[in-house]
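K.L.:
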DNA sequence: GCCAACCTTCACGCACACGTCAAGGTTGTG
DNA sequence: CACAACCTTGACGTGTGCGTGAAGGTTGGC
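Residue numbers (the working numbering), protein chains in the order written: chain V, 15 to 163; chain F, 15 to 163.
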């Protein structure tokens, strides 16, 4: 499992201990046994941690929602009343809305930082063009207009 | 300063201790004194920490680059040779390219997560529409097409 | 000049996210 | 069945990012 996800065994056990993973199936000798869906889930946790920079607590909340969603699906299947079903589905949608809002906020902040950096880069490129226009290059490069970003 | 940035005094001192801030100016009685650029820098650190989810070590690396950039500007001003100047500017651009790449990678991962969530939401909305189409609402709401997100 | 409200530097404490042994049990292969 | 290579559960250690006093100094307003 560690090899499959790039995580350490210790981290995987820790995530199970913290409730991010449902306790793994066990062999007769108490070895943990994982299936493909466990690998997926762990990879997702790893991505949330490494790529989105969420803390395990935040990941836990997201996955709680995920599990609440699954429980809701069960409740949904059990619910006879259509009005109840609609209410459950609306709740699910609202939860996803909240998650999307959090992620979009994060993406927006990062986009702002990217734009700031690109603005600086633009200035530097203009400066470089100015330098290269002022004096011809003597390192083999030829001057040419640039239309890229 | 804490009030201006929403950080705690302890955090601010810690960031100075960790080298994220250059040591603040001091009053005659050794009180730290900050100016507007310090506020900006701290707010930037706070955003990198809270919004982008960077560790202080990562922020430190980004700001090191920032300071290398400033040093490079000085080197640039001192450089007499135009070829040297161009080399310095190209280095600066390359550093920004690297930062942008990191940020864009992060943004892309988050965008992927958003799309996954939105796909789920789309399915749920279709399901909800199906439910509402199958049986008319009896809670005062009227059915109507939705063109929003 | 006095005083409340701030600031200063240690110094210890704590929660998170693991790393790292220790002591023992399990598994698959020869 | 022997054995290397894995796994198990503790339990303690570590680095990060601060919180929380303690003991004292500084500042600005009256």
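Beta carbons: idealized from backbone N, C-alpha and C, even for Gly.
1. Between residue 128 of chain V and residue 121 of chain F, how many whole angstroms is the CB-CB distance? I'm expecting something under 8 Å.
2. Closest to residue 137 of chain V by C-alpha separation, out of F:125, F:144, F:87 and F:98, would be which residue?
3. DSSP state of residue 34 of chain F, grouped into three classes?
4. Assess contact between the segment 88–98 of chain V and the segment 50–65 of chain V, defined as three or more Cβ pairs (one per stretch) separated by less than 8 Å. Is contact present?
5. Three-state secondary structure (DSSP) at residue 21 of chain F?
6. Pull out every residue of the segment 108–133 of chain V whose Cβ sits closer than 8 Å to any Cβ of chain F, in chain order.
7. From which residue to which residue does the alpha helix (DSSP H) around residue 50 of chain V run?
8. Determine whether the Cβ of residue 56 of chain V lies closer than 8 Å to any Cβ atom of chain F.
9. Using DSSP with H/G/I as helix, E/B as strand and the rest coil, what is residue 131 of chain V?
10. Quick one: grab the DSSP three-state call for residue 39 of chain V.
11. Between the C-alpha atoms of residue 39 of chain F and residue 49 of chain F, what's the straight-line distance to the nearest angstrom?
12. Throw me the rounded Cβ distance for the residue 131 of chain F and residue 117 of chain V pair, which I believe falls under 8 Å.
13. With distances taken between CB atoms, is the gap from residue 89 of chain V to residue 102 of chain V smaller than 8 Å?
14. Taking its Cβ as the centre, do 16 or more other Cβ atoms sit within 10 Å of residue 109 of chain V, making it buried, or is it exposed?
15. Tell me, please, whether the CB atom of residue 19 of chain V is closer than 8 Å to any CB atom in chain F?
16. With DSSP as the reference, please indicate the residues paired to residue 46 of chain V in a beta bridge.
17. Find the nearest neighbour of residue 142 of chain F within the set V:107, V:135, V:123 and V:147, judged by alpha-carbon distance.
18. What residues of chain V sit near residue 65 of chain F, judged by a beta carbon separation below 9 Å?
19. Assign residue 94 of chain F to one of three DSSP states: helix, strand, or coil.
20. Which residues, in chain order, does the segment 71–83 of chain V contribute to contact with chain F at a C-beta distance below 7 Å?
21. Can you give me, in chain order, the residues of the segment 23–51 of chain V that have a beta carbon less than 8 Å from any beta carbon in chain F?
P.N.:
For this structure:
1. By a beta-carbon distance limit of 8 Å, residue 128 of chain V contacts residue 121 of chain F. Their separation comes to about 7 Å.
2. Closest option to residue 137 of chain V, Cα to Cα, is F:87.
3. The answer is coil: DSSP assigns residue 34 of chain F none of H, G, I, E or B.
4. Judged by Cβ distances under 8 Å, the segment 88–98 of chain V makes no contact with the segment 50–65 of chain V, as fewer than three pairs qualify.
5. For residue 21 of chain F, the secondary structure class from DSSP, reduced to helix, strand or coil, is coil.
6. Taken in chain order, the members of the segment 108–133 of chain V whose beta-carbon sits within less than 8 Å of a beta-carbon on chain F are 110, 111, 113, 114, 117, 118, 119, 120, 121, 123, 124, 125, 127, 128, 131 and 132.
7. Annotation for residue 50 of chain V: the continuous alpha helix (DSSP H) segment containing it runs 50–64.
8. Answer no: the Cβ-Cβ gap between residue 56 of chain V and chain F never drops below 8 Å.
9. Residue state, collapsed to three classes: helix.
10. It is a strand residue.
11. Whole-angstrom Cα-Cα distance: 9 Å.
12. Yes, residue 131 of chain F and residue 117 of chain V are in contact; Cβ-Cβ is about 7 Å, under 8 Å.
13. Taking 8 Å as the Cβ cut-off, residue 89 of chain V and residue 102 of chain V qualify as a contacting pair.
14. So residue 109 of chain V counts as buried.
15. No, because no Cβ of chain F sits closer than 8 Å to the Cβ of residue 19 of chain V.
16. Looking at the DSSP assignment, residue 46 of chain V forms a beta bridge with V:40.
17. Looking at the Cα atoms, V:107 is the closest of the given residues.
18. Correct list: 119, 120, 122, 123, 124, 126 and 127.
19. Judged by DSSP in its simplified three-state form, residue 94 of chain F adopts coil rather than helix or strand.
20. The residues in question: there are none.
21. Within the segment 23–51 of chain V, no residue has a Cβ that lies closer than 8 Å to any Cβ of chain F.
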